[in-house]
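Here the structure is laid out as structure tokens; the discussion comes afterwards.
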Amino acid sequence: MSIQRSNEQRLRAAIASDGDTVVSHGLAHQVPQDYANIYYFSKGGQDVFDAIVQDHDDRVVFRFANNEGQEETRVYGINDEVVAIIDWDVHLQPVLKYGGEEMKVKKWIARVPGNTGPVISHNGHLYEWIQEQFYAVVRSSPEAERKAVIFNDKDIPAVEMTPEGLHDNLLLPIVLFTAFTECGLVKGHGFPGAGEDTIAGHTCINESFLGVDGKSGENDNGNEDSASTEGGPESEAH
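Under this note's numbering, the letters of the sequence shown match residues 16 to 253, in that order.
See the structure below:
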């Protein structure tokens, strides 16, 4: 299934209307010149975990699939191998399994002091989601090197990877980060129309999951977690 490119073209026109460079949070974002590193979701909003992700040649790079009881979502790679699993039925605290690690989603996506947006950990490095007016940026932290740009129009997200992001093997974690954010997981960082209570039949972790005050949610004992960098794929497994 081919996804129309007009949404992305409108975004680029909107960005370019103020010049070829948009500066925000101290980071200059050059308007991309081609589509080579763009990956398109086929669905958005509450259906994002029932989507496929295609590259600019319409080749399926990732495919989300749910089991019959909607208790588990598997993500398949380009060779139809399982590259990630989301277990939705762990006492309403979903668990993400990928890269040989297993962690609660609320530990993988965290709030870290000094960071504006939510942060994930991958291979021992932190990456922050920064919401802009027309798009979002995933950048390394604290270096602020742009790794990807995520844009959304008509409830369909797409990910543009930078060469640096591809070099760091960030496509899968950023696709997962985008899917969780698209569902409204983090308050103020979902796209318009996100935040429904269910996704593809699952109970959605809504925007109170990480705490409305910018802190982590409650821990397993009902106590508030302190924001930290622990819990990423390299630091904590359950």
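All C-beta atoms in this analysis are idealised placements derived from N, C-alpha and C, irrespective of residue type, glycine included.
Where the alpha helix (DSSP H) containing residue i begins and where it ends
| i | result |
| --- | --- |
| I189 | L186 to E197 |
Rounded distance between the beta-carbons of residue j and residue i, thought under 8 Å
| i | j | result |
| --- | --- | --- |
| F77 | V190 | 6 Å |
| D104 | E83 | With a Cβ gap of about 13 Å, D104 and E83 do not count as contacting. |
| V98 | L187 | 6 Å |
| V120 | F195 | 7 Å |
Boundaries (first-last residue) of the beta strand (DSSP E) holding residue i
| i | result |
| --- | --- |
| E179 | Not the beta strand (DSSP E): E179 falls in the alpha helix (DSSP H), residues P178 to H182. |
| F64 | Note, F64: premise wrong, no beta strand (DSSP E); not H, not E. |
Own chain partners of residue i with C-beta closer than 6 Å, once the 5 adjacent residues on each side are dropped
| i | result |
| --- | --- |
| P157 | none |
| I93 | V76 |
| A163 | V153, V174, M176, G180 and I189 |
| G115 | none |
For residue i: DSSP bridge partner residues
| i | result |
| --- | --- |
| N82 | According to DSSP, N82 bridges with nothing at all. |
| V174 | Y54 and I165 |
| V75 | Q69 |
Nonlocal neighbours in the same chain, by C-beta distance under 7 Å from residue i, ignoring five residues either side
| i | result |
| --- | --- |
| G132 | E143, W144, I145, Q146 and H204 |
| Y150 | L26, V164, I165 and F166 |
Proximal residues to residue i (C-beta, below 8 Å), its chain only, five neighbours per side dropped
| i | result |
| --- | --- |
| V134 | I124, A125, R126, V127, L141, Y142, E143, W144, S156 and T244 |
| P178 | N52 |
| G129 | P157 |
Heavy atom of the ligand FAD within 8 Å of residue i beta-carbon
| i | result |
| --- | --- |
| V120 | In the structure shown, the ligand FAD is absent, as is every other ligand, since no ligand is present at all. |
query: Unbroken beta strand (DSSP E) runs of length 3 or more, entirely within the stretch 87 to 167: which are they?
result: 87 to 91, 97 to 102, 110 to 113, 116 to 119, 134 to 137, 140 to 146 and 150 to 156
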